[in-house]
Every structure is written in C-alpha cells, then in structure tokens.
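Engineer:
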Amino acid sequence: MFDEPHTSLHPHTRRIPASAPTALSVPTALSVPAAPTAPSSKWRTRLLVAGLVLAALNLRPAITSLGALLEEVRDGLHMSGTLAGVLTSVPPLCFAVFGFAAPRLARRFGPGAVVLAGMVAITAGVALRPFAGGTAGFLAASAFALMGIAVSNVLMPVIVKRDFPDRVGTMTGLYSMGLALGTAAAAAVTVPMTQALGGSWRTGLGVWAVLAAVAVLPWTGLARDRSATASGSPAPAPSTARDATAAPGGSGGAPGLRLGRSRTAWALACFFGLQATGAYITMGWMPQIFRDAGVPAGTAGLLLAVIMAMGVPLAFVIPRVATRMTNQGPIVVALGLCGLTAYAGLYLAPVGGAWVWAVLLGVSNCAFPLALTMIGLRSRTGAGVGRLSAFAQSTGYLISIPGPVLVGMVYEYSGGWGLPIALMAGFLVPQMAMGVIAGRDRTIEDETRMRD
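Each residue of the sequence shown is one higher than the one before, starting from 5 at the first, in this note's numbering.
Take a look at the structure:
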C-alpha cells in the first residue's frame, strides 16, 4: 500500500535508553506550569489527532475513486486507452516532483500551514476536475489535487514525530489505518454512491471534495500555531535512523556517501519503483479488468477495496517480521509469488475466483511497507537512512511512471486483457530479483567505502 514510512533501526544502531534525554524530549524543569496551559494543550492535541486522521483519509480517494469510474470518465471525455494510462501515471509523477518541495516549504511556512494548503488543493482539485471541460482541464485539476496529496504525504510523519515523540508507533498506526480506510472506502462506495446521486460520474468524483473540505477545518487552527512545538519551528535534529526518515531534508548530510555507486541503493530504488508500478496499475486498471470480465461495476469497486484493505493489518505485521530477519529476501519472494498466482487466476478465471485474486493482490501490494522497512535497515546512521530514503523513493516513483501507460497502450492495441495481465505479471519478476538483492544483510556505508 501507499502510504507512510515505517522504518526500523539497523541491528548495529545503538539504542538510546528510554530514560535518557534526547533531542526530542523537553525537560520538565523548563516547561511552563501545567495549570494555565493544560486546557490549551489538550485542545491542541485533540485537534491535531483529528487533523491527522482526516488528512490521512484524503490521501488516496482522489486516485481510487477515479479507478472505480475510469470507464465512465473515458467515455465522457472521449479518452483513448493510452491517454487513460497517462492519467493513471500522474500520481507517481506528482509524488516524485512535488514531494521534493515539501521540506523546503515546511521550513519557510511551517508543516501545519503546508498541510492546510495541501488539504485546500485536494478540495479544489477534486471539486473542479469533473467539471473542468475536457481532458486537459481534467488532468490539470487532478495534478493540482495530487500536488496537495504529495506535500501532505511527506509532512504527515514529520508532524507525528514532532508532536508525539513518545507515541510515534501509536500515531503512525492510527494515521496508516486512516490512509488505508480512505483508500478502500473510495474504491468500495464510489460506484454505489454515484448511482444514488443520479448516475453521473462527474458527481460521483466531485462528491469526495466534501471529505477534503472537512479536513481543512482542523488544519486552519493548527496552521496558526507557531509555538515551539507547533509547525512553525524547525524539527529537532534526528538522533536515530527512525528520526531521519521521519524528517525529510533533516538528515545530517551523510558526507562521503555516493549512493549512485551502491548496488543496494539502486536495488532498493528499483524494488520501490516496481512495487509502486504494480500499485498504481492496480488502482487505475483493476476495476476495469474485472468489469470487462463481466463483474458488475459495484462489485468491481468492492474488489479493489479488498485489495487496498489488506494493507491495514499487513502494514503492521510485515515490518515487524522483516526487522527480525537478517535477510528480507524470503518475504520479497513470498509476496511476489502471491502476485503471480493472482495474475494467473485473473487470466484463467477472472470472475469465478475474483475474491481470491483480490486478496492475493492485496498481499502482494504490501511490498510497499516492506520496501520502507528495508530502507531503514540498509544504513548504519540516521543521516544515511535519510539520504537512502530520498534516493530510493524519488528514483522509484520516477521508475513507476511508464508502467500504467504501457498497460493502457497494450490494452488498446491488443483489444483485451490477456497481454496486459502478462505484462503486469512480468513486472513482478524483476521486482523479486531487485528485492532479493536489496534484502541482503549489508549497508550502503559498507558498499560505498568498499568502492572508494
């Protein structure tokens, strides 16, 4: 699934005792007396929790709601299969491009203000794109919404780490569940909601702007908070590998690391990019595959929801299992085999075994939290993890862009789903190979120094 970085300490990374003060702990002797500030602090905490959950709910519906209604959108805008494939490649492109700007914007305006702007952009883009009047306008409005998703995607874990330093796991889990729930809900209810609202795909897509507008409300209050623990101040320097990945742009620079010369770094980037390719193909095309096989539109949306919902429990389980293993290659292979089995089933019996194939694809798509976990395990230092995370994710999202376009082109020119399904299965083969290389027990520091 798509969602938030969950990294773990490398076995050689020194742990800081819980009782020891860190850069993220505030000595109680320097704190303002609790009595006058407690009400305000409790109010802000509750508002922040609500803001995090509502923002997480809005980070995928703009994508999965479109997948559920892609056939209607194509017909309404007279869109070719190739152009529809381009449309499904817009999300990773925006994530790769606009995600880079998020740390710089946060340093200037504060993370809260940037997330507020992101929620406003999602609201406006989702509301305007169905009525933009043509394919170009639809693409532009979609890109505007995805820009808001991209910057929010990057900054949400930063805010969690900054404001809940002693509850990072709990808040990250809550945020991840909200993201998975929003993803699955949009896939499941978009079609029936469209039918209930009169049957127009324009209304069915535009109605998701209401949820985004609700998310604007708590961030309006949080964006004005410029206190020492609020969004205006820079995040403290990370002291562990987990901190580094939670604060993009905040790493110490990791001098001497040349990631372009690290086989592990490139393997991680390719693994990340190929799993993202599969994820965006699934979100963009899977409902259409089921519908063309004879599955009703509403059921096709539910099947996509099942695929997305599998990430809720597995996003917690897989990273914990991966950190207990010195080599994560077996998990990579197991997830890949689930995907290959699902694609074989889609080719042979797309309707009869639809629910089974959906579950297996959902398991296979959980290569995303595994990739993020391996990023945290492949460096000895916090600065190195930060550098590796930026390299693997930005390069990976760029790698993922052509995949959905190729699927659309092959579908259009072959006239069926046999060859596109074979292409999707084919992407899993190099994904497994790159994941096995990236899962080996070694660090980028060792590799780059060995080559120097």
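Built from N, CA and C at the ideal position, the CB exists for glycine as well.
So, is Leu352 buried or exposed, given that buried needs 16 or more other C-beta atoms within 10 angstroms?
Structural biologist: Leu352 is exposed by the Cβ-count criterion.
Engineer: Flag this pair as touching only if the region 180-187 and the region 88-101 have three or more C-beta atom pairs under 8 Å; answer yes or no.
Structural biologist: Result no; under three Cβ-Cβ pairs closer than 8 Å.
Engineer: Which residue from Ala100, Leu56, Leu427 and Gly71 puts its Cα closest to that of Ala88?
Structural biologist: Of Ala100, Leu56, Leu427 and Gly71, the residue nearest in Cα terms is Gly71.
Engineer: Which value, in whole angstroms, describes the spacing of the CA atoms of Asp296 and Thr345?
Structural biologist: When rounded, the distance between both Cα atoms is 20 Å.
Engineer: Whose CA, out of Met181, Cys274, Thr281 and Gly129, lies closest to the CA of Gly412?
Structural biologist: Selected option, being the one with the closest Cα: Thr281.
Engineer: Grab me the residues of Ser1's own chain with a C-beta within less than 8 Å of its C-beta, minus the 5 sequence neighbours each way, in chain order.
Structural biologist: Because the chain here runs from 5 to 456, residue 1 falls outside it and cannot be looked at.
Engineer: Terminal residues of the continuous alpha helix (DSSP H) containing Gln435?
Structural biologist: Unbroken alpha helix (DSSP H) run through Gln435: Gly422 to Ala442.
Engineer: Where Leu423 and Gly430 are concerned, what is the direct C-alpha to C-alpha distance, given to the nearest angstrom?
Structural biologist: Straight-line Cα distance between these residues: approximately 10 Å.
Engineer: Under a three-way DSSP split, which group does Pro317 fall into?
Structural biologist: If DSSP states are grouped into helix, strand and coil, Pro317 belongs with the helices.
Engineer: Taking just the CA atoms, how far does Pro134 sit from Ile311?
Structural biologist: Looking at the two C-alpha atoms, the distance is approximately 26 Å.
Engineer: Helix, strand or coil for Pro406? Go by DSSP, reduced to three states.
Structural biologist: Note: Pro406 maps to helix in three-state DSSP.
Engineer: In terms of residue numbering, what span does the alpha helix (DSSP H) encompassing Ala136 cover?
Structural biologist: From DSSP, Ala136 is part of no alpha helix (DSSP H); its letter is neither H nor E.
Engineer: Three or more C-beta pairs closer than 8 Å, one from the region 121-137 and one from the region 148-167: is that the case here?
Structural biologist: Because the criterion of three Cβ pairs below 8 Å is met, the region 121-137 and the region 148-167 touch.
Engineer: Would you decide whether Tyr417 is buried or exposed? Buried here means 16 or more other CB atoms lie within 10 Å of its CB.
Structural biologist: The residue in question, Tyr417, is exposed, as its Cβ has fewer than 16 Cβ neighbours within 10 Å.
Engineer: Could you tell me how far apart the beta carbons of Leu308 and Ala191 are, in whole angstroms, since I believe they sit closer than 8 Å?
Structural biologist: Their Cβ separation, rounded to whole angstroms, is 4 Å, which keeps Leu308 and Ala191 in contact under 8 Å.
Engineer: Just to confirm, are Thr68 and Met287 a CB contact at a threshold of 8 Å?
Structural biologist: Going by C-beta atoms, Thr68 is nearer than 8 Å to Met287.
Engineer: Thr447 and Thr377 - do their beta-carbons sit closer together than 8 Å?
Structural biologist: No, they are not a contact pair.
Engineer: Whole-angstrom Cβ separation of Cys370 and Leu350, contact assumed at under 8 Å?
Structural biologist: Wrong, their Cβ atoms sit about 18 Å apart, outside the cutoff.
Engineer: Counting only runs that start and end within the region 145-190, where is the beta strand (DSSP E) found for 3 or more residues in a row?
Structural biologist: Listed in chain order, nothing qualifies, since the region 145-190 has no complete beta strand (DSSP E) run of 3 or more residues.
Engineer: Quick one: is Met436 buried, meaning 16 or more other Cβ sit within 10 Å of its Cβ, or exposed?
Structural biologist: When all chains shown are included, Met436 counts as buried.
Engineer: Please list the terminal residues of the continuous alpha helix (DSSP H) segment that includes Arg267.
Structural biologist: Taken as a continuous stretch (DSSP letters only), the alpha helix (DSSP H) holding Arg267 covers Arg267 to Asp296.
Engineer: Note down the Cα distance separating Val220 from Leu226, rounded to an integer number of angstroms.
Structural biologist: Approximately 10 Å, taken between the alpha carbons.
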